Amino acid sequence: MTANIARGSLPSTARKPWGRFSSLSPSWFFALPALLVYAAVVLYPSLAGMVYAFTDWSGLGEDKSFVGLANLTAMFHDEQAMGSIGNTLLLTVTIVAVQNGVGLLLALGVHVKLRSRAVLRVVFFAPVVVSPVMVAFLWKYIYNPDPSAGLNGVLGTHIDWLGDPSLALWSIAGTVVWQYAGYSMVIFLAGLEGIPPELHEAAMIDGAGTWQRFRYVTWPLLAPSLTINLMLSTIGGLKLFDQVFAATNGGPGYATETLSTVLYKQAFVFGKFGYSTAIALVLALFVAAVSMIQLYYLRNREVAQ
Amino acid sequence: MTDLREARMSRAQFFRMMGGLAAAAAATAACSTKPQTTTAQGQPAATELKFVGVADQKAPMDELIAAYKQAKPGVSLTTTFAPPDQVQTSVRTQLGAGNAPDLHVVYPGNGSAMSMSQIAKAGLLADLSDQAWTQTIPSGFKPAFQQEGKTYLYSAGSSVIGAVYNTKAFQKAGIDAPPTTWTEFLAVCDKLKKAGITPIALGAQTPWVTQLITYALVPSTVYAKDPTFDDKQLAGQTSFAQSGWRQAMEMYLELQKRGFFNDNPNGTTFEQQISMVATGKAGMAIQVSAVLPDFRKAATSPADLSMFPVPGADSADQVWIPAGVVVGLGASAKGKNLAEAKAFIDFLGKQESINRWAKAISAIPLTQDSGSTIDPAVQSFLPFTKDRAVPFMDQRWPNAEVQPVHFAVIQELLAGKSKIDDALKKMDEAYAK
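Structural data, given as structure tokens:
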């Protein structure tokens with residue numbers, strides 16, 4: 001039963017044997033229009049776009065020639081692109097850890113029977129619905145280096161949040177966590193709501209304390225929520241663009257450049273669409289690989305419960 | 001009741017469903033591309049031209065479009081304005097996809113992804129050479145407008161880079177006249193600092209602001225000594241590292257070392273820079289004259305703001321200034337309404353339109369007549385414009401990479417994370433790409 005509850009929030013049809021669909025039952029007809037549209041607007045353009053990764057296209061006109069793997073080898077010799085991979089990974093690890101940690105604490109907090117919990121849930125979730133670009137602009141004001149303004153004014157500090165190259169990346173991670181902790185909270189909360197109260201009651205009768213009930217009842221049953229949260233935040237972190245673009249545009253210097261901002265600049269600022277597509281291809285493959293590995297391990301963990 | 005899962009769909013039903021879907025899709029597509037041929041009054045209308053521009057162009061364009069409407073009621077223009085980065089992204093994508101707006105922003109010369117040379121090279125800008133105004137482009141400005149002798153850009157004039165200063169703050173610090181040599185400039189900064197005023201507001205978090213101080217100094221440290229520097233650099237005979245660029249960067253950092261900038265310039269934005277000068281918290285900001293209206297808007301009394309050329313040399317006659325053609329526009333060579341788009345540019349090329357555009361952005365009109373006005377704040381630059389002015393440096397750079405590298409290395413220098421040697425080396429590498 002435990003496993004069923006734990007698995008309940010994820011569709012499990014993908015694991016069914018293919019044989020069932022081989023006889024072209026009506027369910028295929030139902031899926032076909034969607035598949036056709038998906039192929040036409042997602043698969044075909046993506047695959048057609050990939051071709052540009054092996055050209056020197058400037059983004060203007062028809063003028064392009066095939067350069068083989070030159071773009072990919074150039075990428076591994078490009079100091080800026082390589083540096084941005086380090087930044088991207090640092091940001092991702094920080095965001096995944098902190099956002100989900102904070103999200104879990106918030107979820108546990110608003111799950112208890114408080115009178116104000118409905119209001120608190122809305123308050124914590126509110127930043128999620130704001131556009132990330134707007135959040136970044138907002139935080140630019142909060143991160144004002146003036147000691148009498150914004151965050152410095154509140155803390156009584158004199159810190160150059162976004163202008164100090166050794167701090168800027170962490171400041172951006174801060175805005176992302178601020179915005180999306182509520183998102184993780186909602187997913188954890190859904191997981192918490194799905195845990196039958198009888199299990200807690202039974203554990204309490206057995207003499208389990210708060211920590212033990214969390215460790216042996218809540219935590220294992222939150223596994224599916226954790227899987228989703230870790231995957232979403234990892235993917236979000238790896239392709240982080242808006243917040244960086246609006247807050248620092250990759251600066252100061254190259255201190256906050258991520259793979260996404262580098263590929264944006266290569267295409268739209270430098271006019272190197274071919275090279276940019278090659279970076280995008282690498283990013284896409286990397287995100288896919290990380291997600292698959294993550295999914296494999298986390299799903300195994302769920303099954304093991 | 002039949003069980004839904006057991007229900008078989010006949011082939012005919014299936015095809016009818018697909019057909020319906022296709023018809024719906026076709027109808028949607030037809031609606032979205034259908035040109036508007038009648039106005040609300042049912043009169044035959046209106047060629048509709050689309051223009052996408054940068055935010056700086058809104059004031060003059062709004063004014064001139066209203067005037068054009070009077071002159072030619074049959075043509076209407078819809079406009080979109082956005083900050084340069086966003087415009088660059090969307091217009092370049094549209095150009096690449098072959099659905100560019102009829103008229104769009106174009107940067108003068110070369111050196112940026114939306115510059116005249118880069119787009120004209122791809123054959124995407126309409127040739128304007130048959131319009132009368134193109135015959136009067138001053139010869140010094142031709143490289144900004146023309147590619148292989150053909151004109152592809154319209155621009156209303158030029159703007160200068162200098163110090164936008166708060167006259168009240170200068171008075172408070174006991175400064176009677178703007179400086180005319182580098183030594184005097186440092187002395188002025190010193191006086192401001194002693195009076196408790198930040199001498200120079202620097203909003204280096206906004207990338208393009210980082211370049212302005214180097215741009216203000218390089219005419220004196222490079223071009224005053226060798227006016228043909230650009231040609232030599234293109235020919236590979238000289239480089240950033242071997243030229244007065246080094247001196248300009250040393251002077252830039254000297255200002256920082258002496259504490260003449262606000263704290264944390266890398267965390268300060270262009271908007272904060274404006275407000276510091278407009279409120280008199282800072283004495284001046286090195287800026288391009290085109291944003292002077294923004295400073296005035298932020299000030300309680302706009303008359304307190306004026307400009308002077310930044311003296312980058314120690315003898316006043318060796319001081320040169322940067323004066324560049326302001327951001328302009330071009331017509332898409334593949335536009336459906338090319339003739340009407342060109343007609344609008346021809347209207348913009350009339351002396352009266354040039355005057356109005358230039359006035360709206362405090363620029364020096366491209367050509368002048370008795371109706372031309374020059375903003376009193378830029379009057380002090382006029383003696384230089386004849387033979388001691390050079391276009392903004394990036395307009396002659398061979399690719400779009402040098403400028404962003406310049407932004408980044410300045411931020412690194414200001415943060416103390418890099419040395420001038422490394423900075424110049426990175427710029428030379430980008431130039432050679």
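Protein chains in written order, with UniProt numbering: chain A, 1 to 305; chain B, 1 to 433. The beta carbon of each residue, even a glycine, is placed where N, CA and C say it ideally should be. From a predicted model like this one, the values you see are computed outputs, not experimental measurements.
Cα separation between residue i and residue j?
i, j, result
"Gln272(B)", "Lys140(A)", "11 Å"
"Ala323(B)", "Gln351(B)", "20 Å"
"Lys334(B)", "Trp320(B)", "41 Å"
"Ala107(A)", "Asp146(A)", "35 Å"
"Asp130(B)", "Phe347(B)", "13 Å"
"Ala343(B)", "Lys336(B)", "13 Å"
"Gln233(B)", "Leu382(B)", "28 Å"
"Ile235(A)", "Ser84(A)", "16 Å"
"Leu414(B)", "Asn266(B)", "7 Å"
"Trp28(A)", "Ala39(A)", "15 Å"
"Ala278(B)", "Thr268(B)", "15 Å"
"Pro179(B)", "Cys189(B)", "10 Å"
"Gly244(B)", "Asn99(B)", "44 Å"
"Ala122(B)", "Leu329(B)", "16 Å"
"Lys64(A)", "Ile420(B)", "37 Å"
"Thr218(A)", "Lys297(B)", "58 Å"
Around the Cβ of residue i, are there at least 16 other Cβ atoms within 10 angstroms (buried) or fewer (exposed)?
i, result
"Tyr165(B)", "buried"
"Leu366(B)", "buried"
"Ala282(B)", "buried"
"Trp182(B)", "buried"
"Gln266(A)", "buried"
"Gln242(B)", "exposed"
"Glu257(A)", "buried"
"Ile364(B)", "buried"
"Trp357(B)", "buried"
"Asp422(B)", "exposed"
"Asn300(A)", "exposed"
"Ser370(B)", "exposed"
"Asp176(B)", "exposed"
"Tyr44(A)", "exposed"
"Val130(A)", "exposed"
"residue 325(A)", "No answer is possible for residue 325(A): the residues shown for chain A start at 1 and end at 305."
"Val42(A)", "exposed"
"Lys426(B)", "buried"
"Ile205(A)", "exposed"
"Gly307(B)", "Rather than Gly, the amino acid found at residue 307(B) in this sequence is Met. Its Cβ being crowded by 16 or more others within 10 Å, Met307(B) is buried."
"Phe30(A)", "exposed"
Residues of chain B with CB under 7 Å from residue i, in chain order?
i, result
"Gly271(A)", "Ala113, Gln118, Ala400"
"Gly59(A)", "Arg92, Gly96"
"Phe268(A)", "Gln88, Thr89, Arg92, Ala113"
"Pro165(A)", "Ala415, Lys417"
"Tyr254(A)", "Ala408"
Is residue i helix, strand or coil when you go by DSSP?
i, result
"Gly324(B)", "strand"
"His158(A)", "coil"
"Lys425(B)", "helix"
"Ile364(B)", "strand"
"Met114(B)", "coil"
"Ile286(B)", "strand"
"Gly53(B)", "strand"
"residue 495(B)", "Outside the displayed range of chain B (1 to 433) lies residue 495(B), so it cannot be described from this structure."
"Ala208(A)", "coil"
"Val130(A)", "coil"
"His104(B)", "strand"
"Ala389(B)", "strand"
"Tyr154(B)", "strand"
"Asn144(A)", "coil"
"Ser291(A)", "helix"
Would you verify that the beta carbon of residue i is, or is not, closer than 8 Å to some beta carbon of chain E?
i, result
"Glu412(B)", "Given the protein chain composition of this structure (A and B), no chain E is represented."
In chain B, which residues lie with their C-beta within 8 Å of the C-beta of residue i?
i, result
"Trp161(A)", "Gly267"
Along chain A, in chain order, which residues have C-beta atoms closer than 8 Å to that of residue i?
i, result
"Pro404(B)", "Lys265, Val269, Phe270"
List the residues of chain A whose Cβ lies closer than 9 Å to the Cβ of residue i, in chain order.
i, result
"Asp263(B)", "Pro145, Asp146, Pro147, His158, Asp160"
Give the residues of chain B in contact with residue i, contact being defined as C-beta atoms less than 9 Å apart.
i, result
"Lys239(A)", "Neighbours of Lys239(A) on chain B: none; closest Cβ ~17 Å, over 9 Å."
Next item on the list: May I ask you to verify whether the segment 221-232 of chain A touches the segment 285-299 of chain A, counting CB pairs closer than 8 Å and requiring at least 3?
Entry: The segment 221-232 of chain A is in contact with the segment 285-299 of chain A.
Check: Do the segment 253-261 of chain B and the segment 217-235 of chain B touch if we need at least three Cβ pairs shorter than 8 Å?
Finding: The answer is no - the segment 217-235 of chain B does not touch the segment 253-261 of chain B, with fewer than three Cβ pairs under 8 Å.
Notebook entry, point to check: Can you find at least 3 beta carbon pairs, one from the segment 400-409 of chain B and one from the segment 237-245 of chain A, that sit closer than 8 Å?
Noted result: The segment 400-409 of chain B vs the segment 237-245 of chain A: no contact.
Check: Counting Cβ pairs, one atom from each stretch, are 3 or more of them under 8 Å apart for the segment 194-209 of chain B and the segment 371-378 of chain B?
Finding: Touching, no.
Next item on the list: Examine the Cβ distances between the segment 116-135 of chain A and the segment 268-275 of chain A and report whether three or more of them are shorter than 8 Å.
Entry: Contact check between the segment 116-135 of chain A and the segment 268-275 of chain A: fewer than three CB pairs, one atom from each, fall below 8 Å, which does not count as touching.
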